[in-house]
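Novice:
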Amino acid sequence: MTTYAFVHGGGGSAWDWHLVVAELRRRGHDAVAVDLPCEDETAGWQEYADVVVGAIGNRSDVVVVGHSLGGFTAPLVCARVPADLLVLVAAMVPSPGELFADWWDNAGYEETGYDDAFYHDVPPALAAEAKRRGRGEDSLAIQQPWPLDAWPDTPTRYLLCRDDRMFTAAWARRHARERLGVEADEIDGGHYVSLSQPLAVADRLIAYAAEAR
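Be aware that the sequence shown starts at -14, since it is given in this note's numbering, and climbs by one per residue.
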């Protein structure tokens, strides 16, 4: 049995992963997802990581999964918890000391121009619920330098979404090479692939965990 610890993206919540979590549990694995303190103006990156580390507790055989802005938090968790694997899904990869505000230019990000960059391929009812549950990203964290001196030793996979309108496939391939020195894996779906393709995401995560053993 593998334990999957899920980190949501900016202004998101644990709910963003609920379909993937349910599928993994149905297949006999453990899964935890948390609400990061993104609306707490006093919460820094350390407090973000604290929430995830606390949810993992003394579980073993851990795979940490970070989505979008969760790419800033997930490696902080791996620096504190023995994890078998770190999986970044359509994620931002920070450099040591980098500010969230500087990441965009540093990473060569270019806006796609789409009005709906997040939920275009998510079933309408789910998309409406996701928008209703959206939260502000008002924390101290996004004003702080990313605190690690180097990427953790945890083996890392980058999974891009071929239909992503936020982080396009071409950009994500380059981002994974430049920031991690890896070739990105690919999956069909948009930025919120956890809602549009949850079974495919679960399949991929289970396969990753098996390969990591």
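Note that beta-carbon positions come from the ideal geometry of N, C-alpha and C, so glycine has one too.
For the alpha helix (DSSP H) containing residue 164, list its first residue and its last residue.
Specialist: Where residue 164 is concerned, the enclosing alpha helix (DSSP H) stretches over 154 to 165.
Novice: Among 29, 6, 190, which has the Cα closest to the Cα of residue 84?
Specialist: Taking only the C-alpha atoms, the option nearest residue 84 is 29.
Novice: Is it buried or exposed for residue 77, if we count other Cβ within 10 angstroms and need 16 for buried?
Specialist: Buried, because 16 or more other Cβ atoms sit within 10 Å of the Cβ of residue 77.
Novice: In the DSSP assignment, find the alpha helix (DSSP H) that holds residue 87 and state where it starts and stops.
Specialist: Looking at the DSSP string, the run of the alpha helix (DSSP H) that includes residue 87 is 85 to 91.
Novice: Hey, would you say residue 69 sits closer than 9 Å to residue 158, going by beta carbons?
Specialist: Contact flag unset, no.
Novice: Between which two residues does the alpha helix (DSSP H) containing residue 66 stretch?
Specialist: Element bounds for residue 66: n/a, residue is neither H nor E.
Novice: Among 98, 80, 103, which has the Cα closest to the Cα of residue 92?
Specialist: Out of 98, 80, 103, 80 has the C-alpha closest to the C-alpha of residue 92.
Novice: Using 10 angstroms around the beta-carbon of residue 139, count the other beta-carbons present and answer buried if the total reaches 16, otherwise exposed.
Specialist: Classification for residue 139: buried.
Novice: How would you label residue 128, buried or exposed, when you count the other beta carbons within 10 angstroms and need 16 or more for buried?
Specialist: Answer is exposed; the Cβ neighbour count stays below 16.
Novice: Under the criterion of a Cβ to heavy atom distance below 8 Å, does residue 34 qualify as lining the ligand ZN?
Specialist: Only the bare structure without any ligand can be found here, which leaves the ligand ZN out of the picture.
Novice: Expressed to the nearest angstrom, what Euclidean distance is found between the alpha-carbon atoms of residue 38 and residue -1?
Specialist: Taking the straight line from one Cα to the other gives about 14 Å.
Novice: In whole angstroms, give me the CA-to-CA distance for residue 148 and residue 112.
Specialist: In a straight line, the C-alpha of residue 148 is about 16 Å away from that of residue 112.
Novice: Quick one: is residue -14 buried, meaning 16 or more other Cβ sit within 10 Å of its Cβ, or exposed?
Specialist: So residue -14 ends up on the exposed side.
Novice: Using alpha carbons as the reference points, say which of 62, 164, 119, 181 lies closest to residue 88.
Specialist: The candidate whose alpha carbon is nearest that of residue 88 is 164.
Novice: Can you give me the Cβ contacts of residue 26 inside the same chain, cut-off strictly under 7 Å, excluding the 5 residues immediately before and after it?
Specialist: Here the set comprises 123, 124, 125.
Novice: Ordered along the chain, which non-local residues of its own chain (more than five positions away) have a Cβ less than 6 Å from that of residue 173?
Specialist: The answer, listed in chain order, is 147.
Novice: Our contact map puts residue 49 next to residue 63 with C-beta atoms below 8 Å; I'd like the distance itself, whole angstroms only.
Specialist: The pair is a contact, with the Cβ atoms about 5 Å apart (cut-off 8 Å).
Novice: Is the separation between the beta-carbon of residue 161 and that of residue 145 shorter than 9 Å?
Specialist: Against a cut-off of 9 Å, the Cβ pair of residue 145 and residue 161 comes out as a contact.
Novice: Output the distance between the C-alpha atoms of residue 86 and residue 54, rounded to the nearest integer angstrom.
Specialist: Near 12 Å, if we compare the C-alpha coordinates of residue 54 and residue 86.
Novice: If contacts are defined as beta-carbon pairs under 8 Å, then residue 52 and residue 179 qualify, I think. What distance do you get, rounded to the angstrom?
Specialist: About 7 Å separates the two Cβ atoms, so the contact holds.
Novice: Quick check on the DSSP output: what are the complete beta strand (DSSP E) runs of length 3 or more inside the stretch 32 to 66, in order along the chain?
Specialist: Correct list: 47 to 52.
Novice: Relative to the C-alpha of residue 120, which candidate in 23, 3, 2, -10 has its C-alpha closest?
Specialist: Answer by Cα proximity: 23.
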